[in-house]
């Protein structure tokens, strides 16, 4: 089994076409076809199903391509790590971050990182763990920072607490209910429903039920950031959001907290990385900056390299 065979399989899976994959890789179509057949022969199973409109992965192919992606990502990470340990400052680092982290930590961390590594390729993806976990597992993401995943993660992940968060009742600046100080007085307001759990209604209703209150009736559900921003700033709707929304430079002039007397606990903010593989020096540096910005002492791997001594 050779790396180019894995690379070809991933390209075919992405393109659903051997011809398109060959074009993307700059290879001859017969070479890819021959390599894939050799791989199928070695594994003893068909990886592709060929039909008139192209090709698709078989049940074996769908399982194997996940491993192939992970292997290719790990090889690329290894190559980058060697280059960085040799003293190079280029390379790639990819992180998955929640909106609260983008609003609270990124404004401090990003300029510092860019100052030290201006030529690094940085990829920052917004999302929560369930949506980003496949990319973390296959190595497309170096680490995730955001609300603690629900339930216990398997041994392939290492989870580190960065800080405990809290929620706030958030509405537009100048909201007519800005003077209300209890959830009871906000039950009849319009609400935007977001949450980490599915169905999100359960998490939303619990915020009221824990204080002996019925849930609001006028509710709109949305699970992405842009609709929340649009509705909050243009209507009298309210939402339970991480406190970073009202303290960030982006929203502090357009949104405000309605400081109710009830405690609104939020999920812990954690860093999740694959436990079996160390981060590259570049990713380790970015992780260190996020940990320091969160106010927690750094607990990551210690780098024993010339590059680490220069960081």
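In this note's numbering, the protein residues as written are 27 to 337.
C-beta: ideal position from N, C-alpha, C; glycine also.
If you're wondering where the values come from, they're calculated on a predicted model, not measured in any experiment.
- Short of 8 Å from the beta carbon of residue 203, and not among the five residues preceding or following it, lie these beta carbons of its own chain, in chain order: 197, 211, 212, 215, 262, 264 and 284.
- When 173, 62, 273 and 287 are compared, the shortest CA-CA separation from residue 206 is found for 287.
- Annotation: residue 152 to residue 244 spans about 28 Å, alpha carbon to alpha carbon.
- Residue pairing for residue 217: DSSP places it in a beta bridge opposite 245 and 264.
- Within a 10 Å sphere around the beta-carbon of residue 310 sit 16 or more other beta-carbons, which makes this residue buried.
- Per DSSP, residue 59 is one residue of the alpha helix (DSSP H) stretching across 55–69.
- For residue 239, there is no enclosing beta strand (DSSP E), as DSSP gives it neither H nor E.
- The straight-line gap separating the alpha-carbon atoms of residue 184 and residue 292 is approximately 21 Å.
- A contact between stretches requires three or more CB pairs, one per stretch, nearer than 8 Å, and the stretch 172–179 fails this requirement with the stretch 272–284.
- Per DSSP, the unbroken beta strand (DSSP E) holding residue 297 starts and ends at 295–300.
- For residue 37, the closest of 81, 72, 67 and 64 by C-alpha to C-alpha distance is 81.
- Residue 121: member of the beta strand (DSSP E) spanning 118–123, first to last residue.
- Secondary structure note for residue 317: its alpha helix (DSSP H) is the uninterrupted segment 307–319.
- Rounded to whole angstroms, residue 242 and residue 41 show a C-alpha spacing of 47 Å.
- Under DSSP, residue 291 shares a beta bridge with 192.
- Looking from the CA of residue 159, the closest CA among 123, 147 and 142 belongs to 123.
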